[in-house]
Every structure is written in structure tokens, then in C-alpha cells.
Amino acid sequence: MLNYLWGIMILTGMLWGVANNNLEVVTQSLLESAGEAVTLSLTMIGIMSFWNGILEVGNRAGLIAWLAGKLNPVLSFLFPELERDHPARLPIAVNIVANMLGLGMAATPAGLEAMKLLQQERTPGCDLHRATDPMCTFLIINISSLQLVPVSMIAYRNQYGSADPAAILGLALLATSCSTLVAVIFCKLMGARRRAAKR
Amino acid sequence: MIQWISRMLVPLIVSYIVGFGLLSRRPVFDDFLAGAKDGMQTVIGILPTLIGLMTAVGVLRASGFLDTLSGWLAVPAAWLHLPAPLIPLTLIRLISNSAATGLMLDIFSRYGPDSLLGMSASVMMSSTETVFYCISIYFGSVHITKTRYVLPGALLATAAGIAASIYFVFFTN
Chain W
574 MLNYLWGIMI LTGMLWGVAN NNLEVVTQSL LESAGEAVTL SLTMIGIMSF WNGILEVGNR
634 AGLIAWLAGK LNPVLSFLFP ELERDHPARL PIAVNIVANM LGLGMAATPA GLEAMKLLQQ
694 ERTPGCDLHR ATDPMCTFLI INISSLQLVP VSMIAYRNQY GSADPAAILG LALLATSCST
754 LVAVIFCKLM GARRRAAKR
Chain B
91 MIQWISRMLV PLIVSYIVGF GLLSRRPVFD DFLAGAKDGM QTVIGILPTL IGLMTAVGVL
151 RASGFLDTLS GWLAVPAAWL HLPAPLIPLT LIRLISNSAA TGLMLDIFSR YGPDSLLGMS
211 ASVMMSSTET VFYCISIYFG SVHITKTRYV LPGALLATAA GIAASIYFVF FTN
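These protein sequence lines are chains W and B, in that order. Using the numbering used here, the first residue of the first sequence is number 574, and each one after it goes up by one. Using the numbering used here, the first residue of the second sequence is number 91, and each one after it goes up by one.
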């Protein structure tokens, strides 16, 4: 996907530059943007290393496992199909907590593990290529964005001269809650509809 | 209230985690160093992607294409009550995080990160995910092809995030 997207972006820019007869500006922008990416990364290294270090302190002290344990009532509400001892519950909880903290590196492996366990534990004899309700709920909630502190965003804003880079945190939290709330309501409605159809 | 949360969130999380680590009798600084090293490698790891996509956005900008595109999108933008420069950003956001970051940084350098456009872009990027990428990674890993209501649900949640971002930014400023 990205291969086509990137190729189209570059070619469109070049052709548009030819059509508008401003190819020297295009060339100059090409050189400047490449340099800008490096400058940006240098600043990002500072903030991202610090935040990642802090999160690792929490991770090694067992914070993620502890928070994941606290999530049990939430999981029972979101995934009524999964019994309390279902093996996928732990990776789902870890994925949600890691996503909230902005620990993408810990979130994705846990999420993939959860998917694998949901796939293994399904009722035998059904269509293995068809997503189950817990899979759908898990993925929709995951995509609704759970991140509480978008640290890289603060870094980008800081780099581009924002007077108050963290000013967006409250609004981002509010917007993220809205999208997650919509996701939860949607999944609950779909679950209710399926149960009604079964009866 | 919202400003207070913005100001308190980072110090609160940092002191909570460090306190939690100390109470658990962990070597907190050693743990910090290990994590910081990983964080550094992540940033260096995405540098080539960033160079490739920021250059592509730079070329599109300099050629005048992005301005023309915004002009074309003015009508659907007015209909959706979206600022025109945000439309390419929201569409790319569904496919690629780094390409969307490139476009967002372009909005930052043109209009400033504290402008209404810059704020909406920041909040929007923070409250949505790369829909198509996530679905293909997660379902691809277990060979699920019948995705049922995942795509409509994910797009609905994303639309709610975008609408909330723009509404809250314009409403509170």
C-alpha cells in the first residue's frame, strides 16, 4: 500500500512541478525536507527515549500486569463471551493498558497473541476465516485509539515552535474518549443484534 | 479543567511510575536506561521512513499540488464542515501513520502548530489510528478474511474521533 502511495506522491509532485514550471523549487524542497526529517528525529530522540525509559520503569515494576488485572470488570463487560479463565483475556488486557500508555512496542505483540488465542479457542467446526464477535470487538476498540498521552505529538509540536506543546493533551483525551465510546456502543449493538437473531 | 488536565498529565504519570518503581524496590535508573535505549533505537529505526515521506510531502507542497488539491476539496470540505487542508490528512491517516505525520508537519510549518488548523490536526492525529493497517496486521496474522462489521465499526469510531477533535478545538478556542 505504502509503496504505491509513496510512488504516486513523488511522481505527482514531479509532474505537477513540470506543469507549473517550478522544478527548481521542487528540487530545493526535496533537499530541505530530507534535512528537516533528520533535525526532527534528533529532537525526537530526546523525548521518546525519556518517555520510553519511564514506561520501562513501570513495566519492570509490574505496573502493566497490575493494571491489566484491574481491567477484569471492563473485560467482562466488553467480552461477555470470554469466561473468566479464557487465556486470551490477559493479552487483551495487556494490549489495552500498553496502548493507553502509548507503549506501541508492547501493545502489538500482546494484541497478536490475543488474536492467536481467540482463533485457537473458538468452537470447533465453524468457518476459520470468519471473525468472531470477541475478535471484532477487540479490533474495533483497539483502532478507536486508546492512547492517553500522545508523547510523539508533544515532540512534533515542540519542534515546530508551539508556545504550549502539551496544550492538546486534554482535548486529545476528550476526543479519544468519544471515539472509544462510539466503538463500545457500536460493538454492544452488534452483539445484541446477533443474540436477538439467534433466538 | 481541560487545561488543568493538559498541564498535570505528564508530571502525574512520570511521578506515579517512578514512585511505583521505588516502592517495588526496583533499580529504577537501570530500568530507565534500558527503556531509553529502546526508545532511541525506535526513533532511529523510523528515520528512513520519515525522510522518504517528508520529502514526498515537500515535493507535493513545492510543486503547488497540495494548494490545488485544497482548492478542489473546498466544496466537499464545506459540506462536511471540515477545513480543506485537513481532508487529505484524514484520508491518508487511514492508511499510513508516517505519511499522515508528514502531512501534519506540513500543516504545522505553514499555519503553525498553535493555529486552529494545527491544533485540530494534532488532536485528530492523537485520537485516531491507522484503520486499514491495523486490520490487515491483526486479521492477517490469523488468516481471517471475513471481517464482518470491523471496517464499518472502525471507520465510525474514527469519524467520531475526527468530529470530536474539530468540534472541541473550534469550540474551546
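We treat Cβ as the ideally placed atom computed from N, Cα and C, and that holds for glycine.
Taking C-alpha atoms, which residue in the options lies nearest to residue i?
i	options	result
W/V755	B/A189, B/I252, B/F198 and B/R200	B/I252
B/M209	W/L744, W/V670 and W/N645	W/L744
B/A268	B/I256, B/I107, B/A244 and B/L113	Here chain B covers residues 91 to 263 and nothing more, so residue 268 of chain B does not appear.
W/L651	W/N715, W/L685, W/G734 and W/Q693	W/N715
W/I583	B/V108, B/F119 and B/T145	B/T145
W/N731	W/G608, W/L615 and W/W579	W/L615
W/H659	W/L691, W/I637 and W/E605	W/L691
W/K761	W/N668, W/L648, W/A607 and W/A592	W/L648
W/L636	W/E597, W/L613 and W/A679	W/A679
W/V670	W/A769, W/M726, W/S718 and W/R767	W/S718
B/D196	B/P117, B/S105 and B/D157	B/D157
B/V118	W/E597, W/H702, W/V630 and W/G580	W/V630
W/G734	B/L140, B/S199, B/W94 and B/V108	B/S199
W/L578	B/S114, B/S186 and B/I177	B/S186
B/A249	W/W589, W/C751, W/A736 and W/P723	W/C751
B/I141	W/S606, W/V591, W/N594 and W/M708	W/S606
B/L176	B/G129, B/S160, B/W169 and B/V221	B/S160
W/F623	B/S216, B/V104 and B/L184	B/V104
Once you ignore the five residues that flank residue i on each side, which residues in its own chain have a CB closer than 7 Å to its CB?
i	result
B/F110	none
W/L628	L674 and L676
B/I182	A189, A190 and L193
B/F260	L206
Could you check what DSSP says for residue i in three-state terms: helix, strand or coil?
i	result
W/R703	strand
W/I714	helix
B/A164	helix
B/A249	helix
B/M91	coil
W/I637	helix
W/Q720	coil
B/T158	helix
B/S153	coil
B/I185	coil
Have a look at residue i and residue j and give me their C-alpha separation to the nearest angstrom.
i	j	result
B/V147	B/L137	15 Å
B/S153	W/A634	52 Å
W/L640	W/G586	48 Å
B/G243	W/P664	22 Å
W/Q720	W/L742	10 Å
W/L613	W/A739	17 Å
W/R768	W/L712	20 Å
Excluding sequence positions up to five away, which residues of its chain have a Cβ less than 6 Å from the Cβ of residue i?
i	result
W/A728	M617 and I620
W/C709	none
Going along the chain, which residues of its own chain have a beta-carbon closer than 8 Å to the beta-carbon of residue i, five neighbours each way excluded?
i	result
B/F229	T235, T237 and V240
W/P653	G764
B/S212	M194 and P203
Using DSSP bridges, identify the partner residues of residue i.
i	result
W/K643	In DSSP, W/K643 forms no bridge with anything.
B/K236	W/R703
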